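Reading through the structure tokens given below for one structure.
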Amino acid sequence: MKMRRSSRLTFRSRQILRVVFGLLTIIVFLPGIPKSVPALANYQIDREDNLTVQIDDLYQKFTDFSWIAYAPTHYDPTVGSMPAEQDISDDLQMLFDVGFRGVVTYGSEGTMAEIPRLARGVGFQGVVMGIWTPGSEAETAAAVAAVDYVDGYVVGNEGLYNDRYDFATLEAAMADLKAQTGKPVTTTEVQPLYEKDVENGVLDVGDWVFPNIHPFWAHVTDPADAAQWTKIQYENLLDAVGAERPVVFKEVGLPTAGAESTSELRQAEYYFRLKETPVVFVYFEAFDQPWKVEGGGVGAHWGLFLNDRSPKAGIEELFSGSRPPVYIYSDAQSSDNRFYPSGFMGCYYNLHMEEGYSENPHSGSTAIQIDYKYYGCTEGWGGIYWWTPASCNWQQMPCGIDLSGWTKLTFWARGEQGNEYVEFKVGGLCNAGQTLCDSLNPAISTGLISLSNVWTQYTIYLDNADLSRIGGGFVFVTNDRKDITIYLDDIRFE
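Numbering (the numbering used here), first residue to last: 7 to 500.
This is the structure in structure tokens:
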């Protein structure tokens with residue numbers, strides 16, 4: 007049977023009442039207010055022994071600053087290896103220095119029980135403590151002992167989904183912990199268990215809703231698509247829960263290795279885009295965990311930082327406010343490449359492109375080589391469009407991604423001999439009837455340039471350009487009246 011939801015005041019109503027009470031408190035201390043008015047400030051709404059106040063305060067912390075899901079370095083439960091307290095302190099200090107102010111843990115065994123105390127010592131303003139095994143006497147005792155350092159507890163993590171415990175055990179453990187601590191308590195399960203019509207009790211249990219929501223497991227790996235997918239799941243869950251409890255996504259992210267279409271820059275871009283949505287979320291996770299083997303190889307690669315605490319690509323930009331680069335071309339077959347060189351134009355039959363040219367790239371291991379044969383070219387020109395997605399096919403379908411906020415496209419180019427006349431552009435991709443076009447139309451061009459035979463960087467500035475839907479990310483065109491060979495590398499939006 008599906009559990010009935012609480013009848014207490016809705017979450018949004020409580021927020022409004024808190025504002026009202028704050029204003030009343032100010033009013034009663036203003037000069038000239040009759041002494042009978044302070045009675046208004048003493049008016050109390052039943053907040054279930056202050057629990058709802060704590061829930062509201064915890065949610066406010068989730069919205070005020072960045073949180074990270076944390077399992078320590080030097081931790082490997084497969085061999086019983088626990089981190090030392092100094093390892094945990096060093097981890098937390100590094101995360102604090104980056105900019106995190108809230109931390110969510112998973113278990114309370116051994117030195118893991120000391121994370122809340124150590125986190126507060128470093129300066130963390132928010133702590134949600136995890137209990138891995140609901141009903142564990144040792145973990146429960148450790149959680150109760152840490153109560154002065156904790157804002158709330160999360161009991162269990164995907165244990166119903168993985169059959170580690172049953173719902174009755176979970177519910178009893180949550181009630182016991184709440185009774186002993188007086189703190190907000192919830193649990194975490196995977197997305198399908200929170201579906202509105204699934205009668206398993208998960209949607210209704212807990213003082214706030216704290217699911218794991220991963221676009222990767224829904225086979226959505228493009229960062230722009232993944233951020234939009236996550237936003238839709240958030241809106242759906244808000245609708246399913248109603249206004250009575252806050253919703254925070256405990257785990258969201260993209261792995262950085264272990265499967266196709268994974269990369270560190272994709273992860274960073276996903277988070278950057280997600281920050282611009284209304285989704286309230288916790289970054290998952292702090293460090294790569296080499297011991298994790300689930301997911302066919304991706305399990306060990308969800309960290310924002312490697313297991314040696316070094317940052318992955320794009321993470322420093324993410325927290326400095328800069329946008330991570332979006333690549334047209336980084337290296338041959340790189341997962342960072344987001345656009346596809348499929349739009350051959352003009353004398354397409356006289357154009358040959360090699361994406362894996364390995365002699366003298368600007369960086370990495372490869373560059374792009376393009377050969378253009380002028381003689382025999384009846385059109386007198388040739389070119390290539392890089393578009394996204396791969397199936398775009400000259401905007402026969404709505405194509406492109408939102409690049410609003412990126413301000414320029416940079417790339418490196420050189421000619422085989424020097425003095426090759428070429429032009430490069432951004433945008434302007436339309437279908438034959440001009441009924442579907444890039445938001446940037448006409449394209450912005452470098453104009454005709456003469457290449458050097460040494461690598462040179464070029465920039466197309468895009469300030470104030472409409473980049474809300476860019477299908478044609480990069481264009482090469484030439485009408486040189488001779489055969490030419492050119493090379494391109496490191497083409498990216500910044």
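Ideal placement from N, C-alpha and C gives every residue a C-beta, glycine not left out.
Small disclaimer: the values here were computed from a predicted structure and weren't measured.
Spatial neighbours of Ala90 in its chain, beta-carbon cut-off 8 Å, leaving aside the 5 residues before and after: Locating residue 90 in the sequence shown gives position 84, counting from the first residue. Closer than 8 Å at the Cβ level, and outside the excluded window around Ala90, lie His80, Thr117.
Residue from Asn356, Ala396, Tyr493 with nearest C-alpha to Val460: Taking the first residue of the sequence shown as position 1, residue 460 is located at position 454. The candidate whose alpha carbon is nearest that of Val460 is Tyr493.
Residue interval of the beta strand (DSSP E) (run including Tyr333): Here residue 333 is taken as the residue at index 327 of the sequence shown, counted from 1. Looking at the DSSP string, the run of the beta strand (DSSP E) that includes Tyr333 is 332–335.
8 Å Cβ shell around Thr84 - same chain, five flanking residues per side excluded: If you number the sequence shown from 1, residue 84 lands on position 78. These residues qualify, in order along the chain: Trp297.
Given Ala449 as reference, the closest of Ile476, Ala338, Gly212, Gly327 once Cα atoms are compared: If you number the sequence shown from 1, residue 449 lands on position 443. When only C-alpha atoms are compared, the closest one is Ile476.
Closest by C-alpha distance to Asn356, when choosing among Met403, Pro229, Leu457, Thr484: Residue mapping note: residue 356 aligns to position 350 of the sequence shown, counting from 1. Comparing Cα positions, the closest option is Thr484.
For Ser142, the nearest candidate out of Ala152, Gly162, Gly127, Ala249 (CA to CA): Here residue 142 corresponds to residue number 136 of the sequence shown, with the count starting at 1. It is Gly162.
Paired residues, beta bridge with Val109 - DSSP: The sequence position of residue 109 within the sequence shown is 103, counting from 1. Note: Val109 sits in a beta bridge opposite Ile74, Val133.
Segments of 4+ residues assigned as alpha helix (DSSP H) that fall wholly inside the segment 155–204: 173–187
Same chain, Cβ closer than 8 Å to Ser445, neighbours up to 5 away in sequence not counted: In the sequence shown, residue 445 corresponds to position 439, counting from 1. Gly406, Gly433, Asp472, Leu473, Ser474, Arg475, Ile476.
Limits of the alpha helix (DSSP H) - the one that Thr3 falls within: For the chain, the structure presents residues 7 to 500; residue 3 sits outside this window and is missing.
Under the three-state DSSP convention, the category Ala246 falls into: Taking the sequence shown and counting its residues from 1, the one referred to as residue 246 is at position 240. Ala246: helix per DSSP, three-state reduction.
Distance CB(Gly165)-CB(Pro198) smaller than 9 Å: Translated into the one-based positions of the sequence shown, residue 165 becomes position 159. Translated into the one-based positions of the sequence shown, residue 198 becomes position 192. Not in contact: Gly165 and Pro198 (Cβ atoms no closer than 9 Å).
Same chain only: Cβ atoms within 8 Å of Asp486, ignoring 5 sequence neighbours per side: Here residue 486 is taken as the residue at index 480 of the sequence shown, counted from 1. Within the same chain, Asp486 has close Cβ partners Tyr378, Tyr380, Glu426, Tyr427, Val428.
Arg123, enclosing alpha helix (DSSP H) - first and last residue: The residue labelled residue 123 in the question sits at position 117 within the sequence shown. Looking at the DSSP string, the run of the alpha helix (DSSP H) that includes Arg123 is 121–128.
Separation of Arg420 from Asn366, as counted between CA atoms: On the sequence shown, residue 366 is found 360 positions in, with the first residue counted as 1. On the sequence shown, residue 420 is found 414 positions in, with the first residue counted as 1. Roughly 11 Å between the two C-alpha positions.
Close-in-space but distant-in-sequence residues of the same chain around Phe1 (CB under 6 Å, 5 per side omitted): Outside the displayed span of the chain (7 to 500) sits residue 1, for which this structure offers no information.
Close Cβ partners of Asp337 (< 7 Å) along its chain, the five nearest in sequence each way excluded: Looking up residue 337 in the sequence shown gives position 331. Excluding residues within five positions, the ones whose Cβ falls inside 7 Å are Gly370, Ser371, Thr372.
DSSP beta-bridge partners of Asn218: Walking along the sequence shown from the start, residue 218 turns up at place 212. Note: Asn218 sits in a beta bridge opposite Val196, Glu257.
Option in Pro284, Asp245, Gln295, Val254 with minimal Cα separation from Thr262: Within the sequence shown, residue 262 is the residue found at index 256, counting from 1. Nearest C-alpha to Thr262: Gln295.
Nearest to Thr384 (by Cα), restricted to the options Cys353, Trp392, Trp400: Within the sequence shown, numbered from 1, the residue matching residue 384 stands at position 378. If we check each option's Cα against that of Thr384, Cys353 comes out closest.
Chain-order list of residues whose beta-carbon lies under 6 Å from that of Ala179 (same chain, five-residue window excluded): For the purposes of this step, residue 179 is taken as residue 173 along the sequence shown, with counting starting at 1. Taken in chain order, the residues that qualify are Pro140, Gly141, Val161.
Contact check, Thr192 vs Phe222, beta carbons under 9 Å: On the sequence shown, residue 192 is found 186 positions in, with the first residue counted as 1. On the sequence shown, residue 222 is found 216 positions in, with the first residue counted as 1. No; because the gap between Cβ atoms is not below 9 Å, this pair is not in contact.
Three-state secondary structure (DSSP) of Met88: Here the question's residue 88 lines up with position 82 in the sequence shown. Residue state, collapsed to three classes: coil.
The beta strand (DSSP E) enclosing Ala373, as first and last residue numbers: Counting from one through the sequence shown, the residue named residue 373 turns up at place 367. Run containing Ala373: 373–378, per the beta strand (DSSP E) assignment.
Backbone secondary structure at Ser269 - three-state DSSP: As a working mapping, residue 269 is identified with position 263 in the sequence shown. Reduced to three states, the DSSP call for Ser269 is coil.
Phe480 and Lys414 closer than 9 Å at C-beta: Mapped onto the sequence shown, residue 480 falls at position 474. Mapped onto the sequence shown, residue 414 falls at position 408. Against a cut-off of 9 Å, the Cβ pair of Lys414 and Phe480 comes out as no contact.
CA-to-CA distance, Ala230 to Thr236, given in whole angstroms: Residue 236 sits at position 230 when you count from the first residue of the sequence shown. Residue 230 sits at position 224 when you count from the first residue of the sequence shown. So the two alpha carbons sit approximately 10 Å from each other.
Contact the segment 301–308 vs the segment 330–346: 3+ CB pairs below 8 Å: no
Spatial neighbours of Leu442 in its chain, beta-carbon cut-off 7 Å, leaving aside the 5 residues before and after: Working through the sequence shown from its first residue, we reach residue 442 at position 436. So the qualifying residues of the chain are Gln401, Pro404, Cys436.
Classification of Ser72 by the beta-carbon crowding that lies within 10 angstroms, buried from 16 upward: Counting from 1 along the sequence shown, the entry for residue 72 is found at position 66. By the 10 Å Cβ count, Ser72 comes out buried.
Simplified DSSP state of Ala233, which is helix, strand or coil: Position 227 of the sequence shown, counting from 1, holds the residue named residue 233. In the structure shown, Ala233 sits in a helix (DSSP, three-state: H, G or I).
Through-space distance from Tyr276 to Ser269, alpha-carbon basis: On the sequence shown, position 263 is the one that residue 269 refers to. On the sequence shown, position 270 is the one that residue 276 refers to. Those two C-alpha atoms are separated by around 11 Å.
Exposed unless 16 or more other CB atoms sit within 10 angstroms - verdict on Glu282: Your numbering for residue 282 matches position 276 in the sequence shown. Under this definition Glu282 is an exposed residue.
Ile455 versus Leu468 - alpha carbon distance: Taking the first residue of the sequence shown as position 1, residue 455 is located at position 449. Taking the first residue of the sequence shown as position 1, residue 468 is located at position 462. Computed Cα separation, rounded: 18 Å.
Close beta carbons around Gly388, own chain, < 7 Å, minus the five adjacent residues each side: As a position in the sequence shown, residue 388 is number 382, starting the count at 1. Around Gly388: Met351, Gly352, Cys353, Tyr354, Asn356, Leu357, Tyr378, Thr484.
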